[in-house]
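As given, the protein sequences belong to chains V and W, one line each in that order. If you count the first sequence from 1, position 102 lands on 120 in our numbering, and the numbers rise without skipping. If you count the second sequence from 1, position 27 lands on 32 in our numbering, and the numbers rise without skipping. We put the CB at the ideal spot given by N, CA and C, even for glycine.
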Amino acid sequence: MKLREIKELLAAEVIWGENHLEIEIDTVCASDLMSDVLALGKPGMLLITGLSNVQSVRTADIIEAKAILYVRGKKPDQEGISLAKKKGIPLLATKYLMYQACGLLYQKGLKSVHD
Amino acid sequence: MAKNRSDERENGLIQQFSITGGDFYHAGHVSTQIKEILKELGIDPNIVRRAAIAAYEAEMNVVMYAQKGLFTLEVTPQKIHFFVEDEGQGIPDIELAMQEGYSTATPEMREMGFGAGMGLPNIKKNSDIFKITSEVGKGTVLDIIIFINQGKNQ
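Written out as structure tokens, the structure is:
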């Protein structure tokens, strides 16, 4: 699924990375705990989180996530946005809750990092 | 690239980074730099990723539980070696701290998305050799080795 389709499905705002919306996503990890993301994450996945500080972007960079989707109307702070630009990690934000966002993406066939 | 990385890949590299305890704002800077260096050295991306995860967890441990720490990165043609020494509260029961889910994190640490009790087990998972020693009231030493041409990737 293209990041652009994810954006449309979840009525998400692109915080940064308009030029990165054609990337393909097939795996997702959703968590507010970056420790868990570091333990379970896989390269190329989409990170779904409600954690809006810079550690979300730093974790995505370390784990090599392709993009981050913030849920519950959360938005990353300035430092997070700057780091995302530097690392080329697109950032999206949706008002959907994590459960809803995950459910909608699951229906579209996106896989868990545990599959 | 400040130095010739191909020379460093052949002859080895040692670099040290200091970490300030409690500085959540800069937490992760050292690991990001280390990841860049390992990438520039042309090390296999899977190994770089494992090393970066171990480095980040080790750095966060210093930020969360110590006053200060020194992170030494050594790369030889055979291995990546992290030696992380901190001055801090230390760990009273290492066996307990190594259990997944065991955590003594404060609310501030949890707000930053850390302190799920996955850090030390995750360092072990991503390294080939992991040694930890600690003295209560003094600090903790992590000795982490990731082999470049053998080990868990092979």
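**OP:** Indicate, with yes or no, if the ligand FMN has a heavy atom lying under 6 Å from the CB of V67/W.
**Re:** Questions concerning the ligand FMN fall outside what the structure shown contains, since it holds no ligand whatsoever.
Subject >> Top-ranked residue by Cα proximity to S36/W, from A63/W, E113/W, I19/W and E15/W >> reply: As a first step, residue 36/W must be located in the second sequence, where it is residue number 31. The shortest Cα separation from S36/W among A63/W, E113/W, I19/W and E15/W belongs to A63/W.
Original post:
In terms of residues, what are the limits of the alpha helix (DSSP H) holding Q96/V?
Top reply: As a working mapping, residue 96/V is identified with position 78 in the first sequence. It spans Q96 to K105 - the alpha helix (DSSP H) in which Q96/V sits, taken as one unbroken run.
Original post:
What residues from chain V crowd round Y61/W, counting only those whose CB sits closer than 7 Å?
Top reply: Counting from 1 along the second sequence, the entry for residue 61/W is found at position 56. Near Y61/W (Cβ distances below 7 Å), the residues of chain V are L56 and I80.
Original post:
Is the shortest distance between the beta-carbon of S53/V and the beta-carbons of chain W less than 7 Å?
Top reply: As a first step, residue 53/V must be located in the first sequence, where it is residue number 35. So, interface residue.
Subject >> In chain order, each alpha helix (DSSP H) run of at least 4 residues that lies wholly inside the segment 93-136 of chain W >> reply: 99-102, 112-116 and 124-131
Subject >> Pairwise C-alpha distance: G35/V and M116/V >> reply: Against the first sequence, residue 116/V aligns to sequence position 98. Against the first sequence, residue 35/V aligns to sequence position 17. Answer to the nearest angstrom: the Cα atoms are 21 Å apart.
Original post:
So L64/V and K92/V are in contact, right, with Cβ under 8 Å, and what is the actual spacing, rounded?
Top reply: Locating residue 64/V in the first sequence gives position 46, counting from the first residue. Locating residue 92/V in the first sequence gives position 74, counting from the first residue. In fact, because the Cβ distance is near 15 Å, the residues do not count as touching under 8 Å.
Subject >> Residue ranges of each beta strand (DSSP E) within the segment 66-96 of chain W, 3 or longer >> reply: 71-80 and 84-93
Original post:
When the cut-off is 7 Å and only beta carbons count, does I109/V lie next to chain W?
Top reply: To locate residue 109/V, count along the first sequence from 1; it is residue 91. The sequence shown places Leu at residue 109/V, not Ile. No - not a single Cβ of chain W is within 7 Å of the one on L109/V.
Original post:
Hey, is Q73/V's beta-carbon within less than 7 Å of any beta-carbon in chain W?
Top reply: To locate residue 73/V, count along the first sequence from 1; it is residue 55. Closer than 7 Å: yes.
Original post:
Taking the alpha carbon of G62/V as the point to measure from, which residue in N127/W, E45/W and R54/W has its own alpha carbon closest?
Top reply: Taking the first residue of the first sequence as position 1, residue 62/V is located at position 44. Cα-wise, what sits closest to G62/V is R54/W.
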